[in-house]
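Colleague: Reminder that position 42 of the sequence shown reads as 410 in my numbering, one-by-one numbering, no gaps. Take a look at the following structure, please.
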Amino acid sequence: MMFTRVCIVGPKGVGKTSIAARIDDASLSSQKSATGTMFTTCNVLVRERTLSLEILDISGEEKLRCMGPIYYKEAKAALCVFDLTSEKTLESLSLWIDSIRNNACEECQVIILGNKVDLEDLRQVSKDRAKKYADSVGAKYFEVSSVTGVGLLTVVIYLSKHILYWSDCSSTYAAKRSIISNSIEYISPKKEVKKRRFSFPIRRLSLLS
Numbered sequence: 369m370m371f372t373r374v375c376i377v378g379p380k381g382v383g384k385t386s387i388a389a390r391i392d393d394a395s396l397s398s399q400k401s402a403t404g405t406m407f408t409t410c411n412v413l414v415r416e417r418t419l420s421l422e423i424l425d426i427s428g429e430e431k432l433r434c435m436g437p438i439y440y441k442e443a444k445a446a447l448c449v450f451d452l453t454s455e456k457t458l459e460s461l462s463l464w465i466d467s468i469r470n471n472a473c474e475e476c477q478v479i480i481l482g483n484k485v486d487l488e489d490l491r492q493v494s495k496d497r498a499k500k501y502a503d504s505v506g507a508k509y510f511e512v513s514s515v516t517g518v519g520l521l522t523v524v525i526y527l528s529k530h531i532l533y534w535s536d537c538s539s540t541y542a543a544k545r546s547i548i549s550n551s552i553e554y555i556s557p558k559k560e561v562k563k564r565r566f567s568f569p570i571r572r573l574s575l576l577s
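Below, the structure written as structure tokens:
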């Protein structure tokens, strides 16, 4: 099994903890550290290789933001979350992205998540606007909902492929073929292993997109 760290960052109140809970199908309230960082894990099976994602939810509170760089150093990916119903939360992401770029390893993939896509009537940030911002900082962009689960499966699949790609490239470029595949399954960390092709447990994600 391969273990890897993924950080979830962004302003307070954008839904970081809810996203982490959706991915893990768990309440994170009992897993909060003294630094304000919440953590959980989920396992993804890519063909015959299991990838264990250690997901760290970094507090968006200003007084705790300084703890972020400690965790970024070992992160292979960072999910930078903003609220689609609040323009200012997108504008403030640069604070986290700059810190990640300065402290994380070279292969750390920055992924921007526009959360609350289910609140379309309240949207302040268009998809085109968010995509252009992501392109400007060299990041991938996805729109998700921590309430319905829409888009989260796509994010996990993309994330897993990226991490394994870099892992394979560190030994040989020929291994790239092992991740160019649609054979990705989810393993619930809470119960006996049950493989589901391209799906989370039903109460975890409602795949509407």
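Where is the CB? At the ideal position from N, CA and C, for every residue including glycine. Remember, predicted model here, so these are calculated numbers, not experimental data.
Using C-beta distances below 6 angstroms, list every residue in its chain close to residue 523, excluding the 5 sequence neighbours before and after it, in chain order.
Modeller: 510.
Colleague: Please confirm if the stretch 410 to 422 is in contact with the stretch 511 to 522, defined as three or more CB-CB distances below 8 angstroms between the two stretches.
Modeller: Result no; under three Cβ-Cβ pairs closer than 8 angstroms.
Colleague: Closer than 7 angstroms by C-beta to residue 493: which residues in its own chain qualify, once you throw out the five before and the five after it? Chain order, please.
Modeller: 452, 455, 458, 482.
Colleague: Got a sec, what are the start and stop residues for the alpha helix (DSSP H) residue 385 sits in?
Modeller: 384 to 392 is the span of the alpha helix (DSSP H), which, as asked, contains residue 385.
Colleague: Which residue's Cα is closest to the Cα of residue 383: 448, 463, 443?
Modeller: Nearest option by C-alpha distance: 448.
Colleague: For residue 425, write down the residues that DSSP places opposite it in a beta bridge.
Modeller: Paired residues: 376, 406.
Colleague: Can you find the residues in the same chain that come closer than 8 angstroms, C-beta to C-beta, to residue 318, ignoring five residues on each side of it along the sequence?
Modeller: Here the chain covers residues 369 to 577 and nothing more, so residue 318 does not appear.
Colleague: Can you give the beta carbon distance from residue 461 to residue 378, rounded, assuming they're within the 8 angstroms contact cut?
Modeller: Between residue 378 and residue 461 the Cβ distance is about 7 angstroms, and since that is below 8 angstroms, they are a contact.
Colleague: Report, in whole angstroms, the separation of the C-beta atoms of residue 479 and residue 445, which I expect to be a contact under 8 angstroms.
Modeller: Confirmed, Cβ separation roughly 6 angstroms.
Colleague: Taking DSSP's pairing of strands, which residues face residue 511 in a bridge?
Modeller: Per DSSP, 482.
Colleague: Exposed or buried, which one is residue 392 when buried takes at least 16 other CB atoms within 10 Å?
Modeller: Classification for residue 392: buried.
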